[in-house]
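Engineer: Those protein sequences? They're chains A and B, same order as listed. Positions in the first sequence are counted from 1; adding 5 to them yields the numbering used here. Positions in the second sequence are counted from 1; adding 5 to them yields the numbering used here.
Protein chains: 2
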Amino acid sequence: VIEVVAVDADDTLWHNETLFELTQERFRALVAPWADVEAEHLDAHLLRTEQRNLAHFGYGIKGFTLSLIETAIELTEGRIPASAIQTLIDRAREMVSHPVELLPGVRETVERLATTHRLVLMTKGDLMDQESKVARSGLADLFERVEIVSEKDEPTYRRIITACGVEPGRFLMAGNSLRSDVLPVVAVGGNAVHIPYAITWAHEAVEVVERDGWWTIDDISALPDLIATLDHRD
Amino acid sequence: VIEVVAVDADDTLWHNETLFELTQERFRALVAPWADVEAEHLDAHLLRTEQRNLAHFGYGIKGFTLSLIETAIELTEGRIPASAIQTLIDRAREMVSHPVELLPGVRETVERLATTHRLVLMTKGDLMDQESKVARSGLADLFERVEIVSEKDEPTYRRIITACGVEPGRFLMAGNSLRSDVLPVVAVGGNAVHIPYAITWAHEAVEVVERDGWWTIDDISALPDLIATLDHRD
């Protein structure tokens, strides 16, 4: 029987990646007049900078913005004007205060799960930014605890499961990232459900696929029924 | 009887402010060739920028760096070269990986307290940065829990005290900030000890002063005896 249901936040409960993508689009346009590089090359350079900075700055809007500034300076060999860098910082402030847009079906699903299970919200990233989004989502009261962590790895899941006071087999995590929300949970003996983000095509039926130790669903609305099935199987 | 002792980290267990001050000194030198402003004016402008950005970027090195960049652009009216901005980002990476220097007496005091009380480390700031410092401090194992919070206000202290499962009267917080470590704790019915940072003059005797509902000591080494006195008084 599943007792604790943990869910990821960014791109599982609300849109996040689209905001970063939009910023990256604007970034390309901002840098273009000062650097003779193709969009692909620019994206690749930004990705390398982000990866290099991850160990120093972690996830989130501030670290992303510092990587944007650095990439702009490097790609333009210092020709980028200060006004363009100011625009990037202005954009960071915009991103931080951007409205939280829940994904379809999220509110109903979380409300329904809250009546049957202990719920934990578990998200990675910038502490203040994530707290602010949780508060603005209007969902905070439905969760028994909110865990904002710097990395979603096996030790982190072990710590959270222990803090919840349950056996790993009674813990289920649902989220859009195989690497962060599924594989480490399965590795520590927990249950995991993968809900990929950005299914942009129309689909009629919700599909539940059993994988090698976890499940994949294409809509969070299918989560309560899947959990009920697991509960009955025990 | 005090059951849980919580301590602040930055400038209570280890040096922090000095690192920011050193960066600010370098910042002045970096901006000086491009802006005809006095150091005082520059500091005041930076402070205003930091305060304006606090609601957006929170505490920590990344938000500080974004404020430095913004201040540099504004004060030089955009004349600051990209290479100087790159220097500020390089400095941010340096700050993040700067060695953690414990304050005098900290290790012995925390080790001693860990044998008599449940210890909580409670710090504000950037999640990843603080976690990294706690890990590098070598003190992490002495604490029952590490709480990294975005704001140290009354609701936060209520939440932590509840999570510890004690009455507020059995909770004691020690730290260098009256605003963050003392006043909100007293307000929710807890005990608080103020340990001001940067006592640069030599002093022979450790002084314990009872204030209006809290205590002030000028050295963390005095904390175990003060707590023992409080315990005996009950």
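Yeah, the Cβ is synthetic: ideal placement off N, Cα and C, and Gly gets one too. Remember, it's a predicted structure, so these values are computed and weren't measured experimentally.
So the candidates are B:133, B:101, B:76, B:180; which of them puts its Cα closest to the Cα of residue 54 of chain B?
Structural biologist: Out of B:133, B:101, B:76, B:180, B:76 has the C-alpha closest to the C-alpha of residue 54 of chain B.
Engineer: By the 10 Å Cβ neighbour count, where 16 or more other Cβ atoms means buried, how is residue 69 of chain A classified, buried or exposed?
Structural biologist: Burial call: buried.
Engineer: List the residues of chain A that residue 91 of chain B touches, going by C-beta distances under 9 Å, in chain order.
Structural biologist: Chain A residues near residue 91 of chain B: 74, 75, 78, 79, 83.
Engineer: Quick one: which chain B residues come within Cβ less than 7 Å of residue 104 of chain A?
Structural biologist: Going along chain B, no residue has its Cβ under 7 Å from residue 104 of chain A, so there is no contact; the nearest lies around 15 Å.
Engineer: When burial is assigned at 16 or more other CB atoms within 10 Å of the CB, is residue 135 of chain B buried or exposed?
Structural biologist: Buried.
Engineer: With three or more C-beta pairs closer than 8 Å as the rule, is the stretch 121 to 134 of chain A touching the stretch 146 to 157 of chain A?
Structural biologist: The answer is yes - the stretch 121 to 134 of chain A touches the stretch 146 to 157 of chain A, with three or more Cβ pairs under 8 Å.
Engineer: With burial defined as no fewer than 16 other Cβ atoms inside 10 Å of the residue's Cβ, what is the status of residue 218 of chain A: buried or exposed?
Structural biologist: The residue is exposed, with fewer than 16 neighbouring Cβ atoms inside 10 Å.
Engineer: Please classify residue 216 of chain B: does DSSP put it in a helix, a strand, or coil?
Structural biologist: Coil.
Engineer: How would you write the range of the alpha helix (DSSP H) that residue 68 of chain A sits in, first residue to last?
Structural biologist: First-last of the alpha helix (DSSP H) with residue 68 of chain A: 66 to 80.
Engineer: I'd like to know if residue 94 of chain A contacts chain B, where contact means its C-beta is closer than 7 Å to some C-beta of that chain.
Structural biologist: So, interface residue.
Engineer: If you follow the beta strand (DSSP E) that residue 10 of chain B is in, where does it begin and where does it stop?
Structural biologist: Where residue 10 of chain B is concerned, the enclosing beta strand (DSSP E) stretches over 9 to 12.
Engineer: Residues of chain B with a CB under 9 Å from the CB of residue 86 of chain A: which are they?
Structural biologist: Chain B residues near residue 86 of chain A: 83, 87.
Engineer: Rounded to whole angstroms, what's the CA-CA distance from residue 221 of chain A to residue 78 of chain A? Just pull it up for me.
Structural biologist: Computed Cα separation, rounded: 42 Å.
Engineer: Whose C-alpha, out of B:113, B:132, B:51, B:62, is nearest the C-alpha of residue 36 of chain B?
Structural biologist: Measuring from the Cα of residue 36 of chain B, the nearest candidate turns out to be B:51.
Engineer: Do you know how far the Cα of residue 230 of chain B is from the Cα of residue 95 of chain A?
Structural biologist: Cα to Cα, the separation comes out at about 50 Å.
Engineer: For a quick check, are the C-beta atoms of residue 186 of chain B and residue 48 of chain B less than 7 Å apart?
Structural biologist: No. Outside cutoff.
Engineer: Output yes or no for whether 7 Å exceeds the beta carbon distance between residue 154 of chain B and residue 138 of chain B.
Structural biologist: For residue 154 of chain B and residue 138 of chain B, no; Cβs fall outside 7 Å.
Engineer: Let's test the definition: count the other Cβ atoms within 10 Å of the Cβ of residue 131 of chain A and tell me whether it reaches 16, buried, or not, exposed.
Structural biologist: It is buried - the Cβ of residue 131 of chain A has at least 16 other Cβ atoms within 10 Å.
Engineer: For the stretch 212 to 227 of chain B, list every residue whose C-beta sits within 7 Å of some C-beta in chain A, in sequence order.
Structural biologist: Listed in sequence order: no entries.
Engineer: What residues from the stretch 23 to 34 of chain B come within 7 Å of chain A, judged by C-beta to C-beta, listed N to C?
Structural biologist: Those residues of the stretch 23 to 34 of chain B that come within reach of chain A (Cβ to Cβ, closer than 7 Å) do not exist; the list is empty.
Engineer: Which residues in the same chain have their Cβ closer than 6 Å to the Cβ of residue 83 of chain A, if we skip the five residues on either side of it in sequence?
Structural biologist: There are no such residues.
Engineer: Closest to residue 234 of chain A by CA distance: which of A:215, A:224, A:223 is it?
Structural biologist: Measuring from the Cα of residue 234 of chain A, the nearest candidate turns out to be A:215.
Engineer: How far does the alpha helix (DSSP H) with residue 58 of chain A in it reach, from first residue to last?
Structural biologist: 44 to 62 is the span of the alpha helix (DSSP H), which, as asked, contains residue 58 of chain A.
Engineer: Output yes if chain B places a C-beta closer than 7 Å to the C-beta of residue 236 of chain A; else output no.
Structural biologist: No, no contact with chain B.
Engineer: How about residue 71 of chain B and residue 40 of chain B: do their beta carbons lie closer than 7 Å?
Structural biologist: Not a contact, by the Cβ cut-off of 7 Å.
Engineer: How far does the alpha helix (DSSP H) with residue 94 of chain B in it reach, from first residue to last?
Structural biologist: From DSSP, the alpha helix (DSSP H) with residue 94 of chain B extends over 87 to 101.
Engineer: Taking the alpha-carbon positions, what's the residue 2 of chain B to residue 109 of chain B distance?
Structural biologist: Here chain B comprises residues numbered 6 to 239, so residue 2 of chain B is not present and cannot be evaluated.
Engineer: Might you give, ordered along the chain, the residues of its own chain that have their beta carbon closer than 6 Å to the beta carbon of residue 10 of chain A, omitting 5 neighbours on each side?
Structural biologist: Hits under 6 Å: 118, 122, 124, 177.
Engineer: By Cβ distance below 7 Å, which residues in the same chain neighbour residue 20 of chain B in space, the five residues on each side in sequence not counted?
Structural biologist: Hits under 7 Å: 106, 108.
Engineer: Classify residue 120 of chain A as helix, strand or coil using the three-state DSSP reduction.
Structural biologist: Coil, per DSSP.
Engineer: Where does residue 126 of chain A fall in DSSP's three states?
Structural biologist: Three-state result, residue 126 of chain A: strand.
Engineer: Can you list, in chain order, the residues of its chain whose CB lies under 7 Å from that of residue 66 of chain A, leaving out five sequence neighbours each side?
Structural biologist: Around residue 66 of chain A: 97, 100, 101, 131, 134.
Engineer: Within 7 Å of any Cβ in chain A, is that where the Cβ of residue 99 of chain B sits?
Structural biologist: Chain A contact via Cβ: absent.
Engineer: Could you spell out where the alpha helix (DSSP H) holding residue 168 of chain B opens and where it closes?
Structural biologist: Segment 159 to 169, the alpha helix (DSSP H) holding residue 168 of chain B.
Engineer: Residues bridged to residue 196 of chain B by DSSP?
Structural biologist: Looking at the DSSP assignment, residue 196 of chain B forms a beta bridge with B:177.
Engineer: Strictly below 8 Å CB to CB, what residues from chain B border residue 155 of chain A?
Structural biologist: Those within 8 Å of residue 155 of chain A in chain B are 132, 133, 136.
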